Amino acid sequence: MLPSTIQPSEYNPYYKQYIALVENVNLVQALEKGLNTTTAFFESLPDSVWNYQYAIGKWTPKDILQHIADTERVFAYRALYFARSNNAELKGFDENIFAENALASNKTIGDLLQNYTSVRNATLSLYRNFNETQLMQIGQANGSVMSVRAAGFVTCGHEIHHCNIITERYL
Numbered sequence: 542m543l544p545s546t547i548q549p550s551e552y553n554p555y556y557k558q559y560i561a562l563v564e565n566v567n568l569v570q571a572l573e574k575g576l577n578t579t580t581a582f583f584e585s586l587p588d589s590v591w592n593y594q595y596a597i598g599k600w601t602p603k604d605i606l607q608h609i610a611d612t613e614r615v616f617a618y619r620a621l622y623f624a625r626s627n628n629a630e631l632k633g634f635d636e637n638i639f640a641e642n643a644l645a646s647n648k649t650i651g652d653l654l655q656n657y658t659s660v661r662n663a664t665l666s667l668y669r670n671f672n673e674t675q676l677m678q679i680g681q682a683n684g685s686v687m688s689v690r691a692a693g694f695v696t697c698g699h700e701i702h703h704c705n706i707i708t709e710r711y712l
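Residue numbers for the sequence shown follow the numbering used here, so the first one is 542 and each next one is one higher.
1. Indicate the three-state DSSP secondary structure (helix, strand or coil) for Val686 in the structure shown.
2. Give the secondary structure of Gly633 by DSSP, where H, G and I count as helix, E and B as strand, and everything else as coil.
3. Which whole-angstrom value describes the C-beta separation of Thr696 and Thr664, a residue pair presumed to lie in contact below a C-beta threshold of 8 angstroms?
4. Taking the alpha helix (DSSP H) that Ile609 belongs to, which residues open and close that run?
5. For Thr580 and Gly684, what's the separation of their Cα atoms in angstroms?
6. I need the straight-line Cα distance from Ile547 to Tyr555, nearest angstrom please.
7. Secondary structure at Gln678, three-state DSSP: helix, strand or coil?
8. Cα separation between Tyr711 and Val590?
9. Name the residue from Phe582, Val660, Leu576, Glu564 whose alpha carbon lies nearest to the alpha carbon of Arg614.
10. Can you tell which of His608, Thr658, Phe623 has the C-alpha that lies nearest to the C-alpha of Asn577?
11. Closer than 8 angstroms by C-beta to Ile706: which residues in its own chain qualify, once you throw out the five before and the five after it? Chain order, please.
As structure tokens, then:
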């Protein structure tokens, strides 16, 4: 299963920008590569940028790493729920409220990286245990349709997107 095989009917058009960032490899490979690439990327950041905001009200790289992990948890839950349910419908989440309440600035870089790797390893385990039928299951989240496999590729593209933003605006 490759990102190029996902049909537009499997996700909200907003998520196309994320799916387009993912290499045309199978989902588990994309998640594994993301784990390695994202971990190395954040480990390479100079200490001076971790608490930097490029504009008032914008997130710091600490906030972004926490956001990546939180969003992955939400999308993994959606994938699990859709894979195990019929006609599942879940509410959305407010990423800004999550970020505000996560208090990433109070956490060490090591703790944030450990959190991210733990979440990614759990996501990898989840997707390794889905079969083809489950990957094709569709549910609704925040009023929009999403397949289990689309949720996985969105997760991959979402972290690439945020690493690109850090490169463009923080470094």
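Every residue gets a Cβ at the ideal spot worked out from N, C-alpha and C, and that includes glycine. Source: prediction; values computed, not measured.
Once the coordinates are examined:
1. strand
2. coil
3. 7 angstroms
4. For Ile609, the enclosing alpha helix (DSSP H) begins and ends at 602 to 625.
5. 32 angstroms
6. Taking the straight line from one Cα to the other gives about 14 angstroms.
7. Assignment of Gln678 by DSSP, reduced to helix, strand and coil, places it in the coil class.
8. 7 angstroms
9. Val660
10. Closest by alpha carbon: Thr658.
11. Ile605
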